[in-house]
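See structure below.
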Amino acid sequence: MRLLKLSCATAVGALLCMLLVAPSTAVASMRSDGSIGIHPGTNPVEIGATGAGSWRLWDTGTAWRDIETSRGVYNWGTLDSWVSRANAVGVADIMYVFGTTPIWAVDPSATTYPESTSHGWRGSGSAKPPRLSDYQSFVQALVDRYRGRITSYEVWNEANLKP
95 MRLLKLSCAT AVGALLCMLL VAPSTAVASM RSDGSIGIHP GTNPVEIGAT
145 GAGSWRLWDT GTAWRDIETS RGVYNWGTLD SWVSRANAVG VADIMYVFGT
195 TPIWAVDPSA TTYPESTSHG WRGSGSAKPP RLSDYQSFVQ ALVDRYRGRI
245 TSYEVWNEAN LKP
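Rendered as C-alpha cells:
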C-alpha cells in the first residue's frame, strides 16, 4: 500500500513538472526576435495567428527612405512582399505610415542627431523635405500602387518631434 501511494505521488509530481515546462517551451517556440520592444508584431504571419485583422506597417523596411532611394526611383519589392503576406494570412486592414525622409530629399544643412547616420537619414526621422513636391510624388505613387490593398494611412510618424 505504501509503495502504491509513493508511486502515485511520484506520478503526480512528474505530471505537474511536465505541465510547468510544456507551456514555456511552446511560448518560446512562438517568440520571434522582435518579441521585446515597443513595436511587437512586425510579422504578418504572427499577427494572422493571433486573429488580429489589422496591421500597422512600421519598422518593416518600407519607409520612404527605403522605397525611394533616389528621386523618382522606387523599389516596391519589400512593401509588395509585406502586403502580400499580410493579405495571405487574413489581415484585411493595413495601415501604411509615411515617414523617414530619404537623404537625397533632406536639406543638407538640417540639424542632425549623432545616431541618425546609422539609420540613413539627416535631421530627425521627420525632417521636412525642402521640396514638398518630392513627398507629394511619393505619396501619390504609393497610394496609386496599393489602392484597395492598403486601407489607411498615417500622414507622418511622430511628426511633432523636434531636433
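Taking the numbering used here, the leading residue of the sequence shown gets 95, the next gets one more, and so forth.
For glycine and all other residues, C-beta sits at the position ideal for the given N, C-alpha and C.
Whole-Å CB distance - proline 223 paired with valine 249, under 8 Å assumed: In fact, because the Cβ distance is near 14 Å, the residues do not count as touching under 8 Å.
Neighbourhood of asparagine 169 by C-beta distance below 7 Å, restricted to the same chain and skipping five residues each side: Setting aside the 5 residues that flank it on each side, asparagine 169 is surrounded in the same chain by Ile161, Thr163, each with a C-beta closer than 7 Å to its C-beta; the list follows chain order.
Serine 203 - DSSP class collapsed to helix/strand/coil: coil
Terminal residues of the alpha helix (DSSP H) in which valine 177 lies: 171 to 182
Test item: CB-CB of arginine 243 and valine 177 under 8 Å: yes
Proximity below 8 Å, CB of proline 196 to CB of arginine 225: no
Straight-line Cα distance separating threonine 194 from proline 202: 15 Å
For aspartate 153, the three-state DSSP class (helix, strand or coil): The answer is coil: DSSP assigns aspartate 153 none of H, G, I, E or B.
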